[in-house]
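**Student:**
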Amino acid sequence: MRDNSYDRTIERNYIQKWRFLIPEYEAVKAGRSPLFKRVGDFYRHHGTCSQTFRKYYNRYLQSGEEADLLPRRRGPKWRERREPEGIEAEIVAHRKRGMNRYEIHAVLRETREAVPSPITIYRVLKRYQLNRRTPAMREEKRRIIKDKLGELGHVDLHQLPRDMFLAPPRSRPTSSA
């Protein structure tokens, strides 16, 4: 099977086509063309539209290079979307101190002008595999918080159902009439 990856036939055909069309288009615009009275007739005859033709024509006029007569890549224009190393290092350092992405965002906003969003901070943490909390970062939710014996304690009731600590409903006296 023939390897077509280095075949320049399509490029050559594009350049040849546009090299032919550009002088003819300029003649039509100047009113010197014997074949076409209007530019619309020129577009119709050559099977193109004004938008496509003018895109290539203007690009060629600006640069003057024949490489601009070739179609450009139409896919997504990816680039490296990484944060600068200084910010990444700060994000990682704050995370190792136990901060979550919102806290890191708030701290960075105080010290920097350009701050990545919380979701970008999360992506950085995920890249360094710091997106999960370590056991040291987790808070102990179910514990009684007090310093000395005999002191009133603080009990976190968030995990308990409401009916366990609400007063029972009062019953109404029934009237017998």
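Counting from 732, one number per residue, gives the positions in the sequence shown under my numbering.
Yeah, the Cβ is synthetic: ideal placement off N, Cα and C, and Gly gets one too.
In this text, all values refer to a predicted model and were calculated from it rather than measured experimentally.
Tell me whether Y833 is buried or exposed, calling it buried when 16 or more other Cβ atoms sit within 10 Å of its Cβ.
**Tutor:** exposed
**Student:** Exposed or buried, what is F773 when buried is set at 16 or more other beta-carbons lying within 10 Å of its beta-carbon?
**Tutor:** Counting Cβ neighbours within 10 Å, F773 comes out buried, since at least 16 surround it.
**Student:** When the Cα of Y859 is compared with those of A845, E755, L880 and A824, which residue comes out closest?
**Tutor:** A824
**Student:** Indicate the three-state DSSP secondary structure (helix, strand or coil) for K879 in the structure shown.
**Tutor:** coil
**Student:** Distance, Cα to Cα, R793 vs K857?
**Tutor:** For clarity, residue 793 is Gln in the given sequence; the question names Arg instead. Taking the straight line from one Cα to the other gives about 44 Å.
**Student:** How big is the Cα-Cα spacing for S848 and Y745?
**Tutor:** 44 Å
**Student:** What residue range is occupied by the uninterrupted alpha helix (DSSP H) comprising P754?
**Tutor:** T740 to A761
**Student:** Would you call L800 buried or exposed, if buried means 16 or more other Cβ atoms sit within 10 Å of its Cβ?
**Tutor:** buried
**Student:** Can the beta-carbon of I822 be found less than 7 Å from the beta-carbon of V846?
**Tutor:** No, these two residues do not count as a Cβ contact at 7 Å.
**Student:** Where does I741 land, buried or exposed, given buried means 16+ other C-beta within 10 angstroms?
**Tutor:** exposed
**Student:** Where does W749 land, buried or exposed, given buried means 16+ other C-beta within 10 angstroms?
**Tutor:** buried
**Student:** In this structure, does DSSP put E845 in helix, strand or coil?
**Tutor:** Note that residue 845 is Ala in the sequence shown, not Glu. Looking at A845 - three-state DSSP - the assignment turns out to be coil, as it is neither helix nor strand.
**Student:** Return no unless some Cβ of chain D is closer than 7 Å to the Cβ of Y756.
**Tutor:** The structure shown contains no chain D; it is built from a single protein chain.
**Student:** Tell whether a beta-carbon distance below 7 Å holds between I835 and I850.
**Tutor:** no
**Student:** By the DSSP assignment, the alpha helix (DSSP H) with E816 in it spans what residues?
**Tutor:** E816 to K827
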